[in-house]
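Here is the structure we will look at, set down as structure tokens.
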Amino acid sequence: IETLVPGFLAGGTIAVTVIRLDTREQASFQGGELLKAASALKALWVAAALHYGGVVAAEPSARGALWASSNPAGGRTIDAAGGIDKVNEYVMDLGLSDSMTYEWNFDRDRVSRYYPGPLRGNNTTTTNDLARFWELVATGWALEGEERDALLEWSLGLKEEIDGERLIARLP
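Numbers 2 to 173, taken from my numbering, label the letters of the sequence shown in order.
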């Protein structure tokens, strides 16, 4: 990985995790490295909203959160799940021990009882946790039925914002 993407390494961290769904084999490069989550947790927030409130509760904000990476829509998705601590409860129940939402301050302040966390208020995750989440979605463990189908449909395609397309264009 270091030889393929030297430009990314300047001032940043690279972490990758891959899980084969047919064999459950896993490989990673710095997959356990605790990272600032940025928008990577939005899919988990949508899943929590689907888990607690169903498609009707999640749909109004899910597409904006996932497709456009809208921060206000992400906040509304947290609200649809029942709040930031309900999102964290859902994530912990899935066994994703390194993914935590500590705060989200778009539209209004949302702060977890676990605030500030190890990265001083920054939401955290690892690529191991994110890959495991998508494995749990694929196998029907994280969600099932129409909630799982909705998350998979809403997760397809490129992000609408320019930065998302620019990042994808720069990957090897």
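Glycine residues also receive a C-beta, built at the ideal position from the N, C-alpha and C atoms.
- Closest by C-alpha distance to D80, out of L95, E104 and G96, is E104.
- Nearest to T78 by alpha-carbon distance, out of L95, L97, G96 and G55, is G55.
- S100 is classed as buried because its beta carbon has at least 16 other beta carbons within 10 Å across all chains shown.
- For F134, the number of other beta carbons within 10 angstroms of its own is at least 16, and it is reported as buried.
- Note: L51 is not bridge-paired with any residue in the DSSP secondary-structure output.
- A contact is defined here as three or more CB-CB pairs under 8 Å, and the region 35-53 meets this definition with respect to the region 89-98.
- Between the alpha carbons of Y53 and S29 lies a distance of about 31 Å.
- Judged by DSSP secondary structure, A28 falls within the beta strand (DSSP E) whose first and last residues are Q27 to F30.
- Its chain contains I20 as the residues whose beta carbon lies nearer than 6 Å to that of Q27, once the 5 sequence neighbours on both sides are disregarded; these appear in chain order.
- Here the C-alpha atom of Y115 lies approximately 32 Å from the C-alpha atom of L157.
- Cβ contact annotation for R149 (same chain, cutoff 7 Å, sequence separation greater than five): V138 and G141, in chain order.
- In this structure, A66 lies near K43, with their beta-carbon atoms less than 9 Å apart.
- In terms of CA proximity to N124, S98 leads the group S98, E147 and A143.
- Going by beta carbons, E136 and L22 fall inside the 9 Å limit.
- Taking C-beta atoms as the reference points, L95 and T18 fail to come closer than 9 Å.
- By the Cβ neighbour-count rule, R25 is exposed, with fewer than 16 other Cβ atoms within 10 Å of its own.
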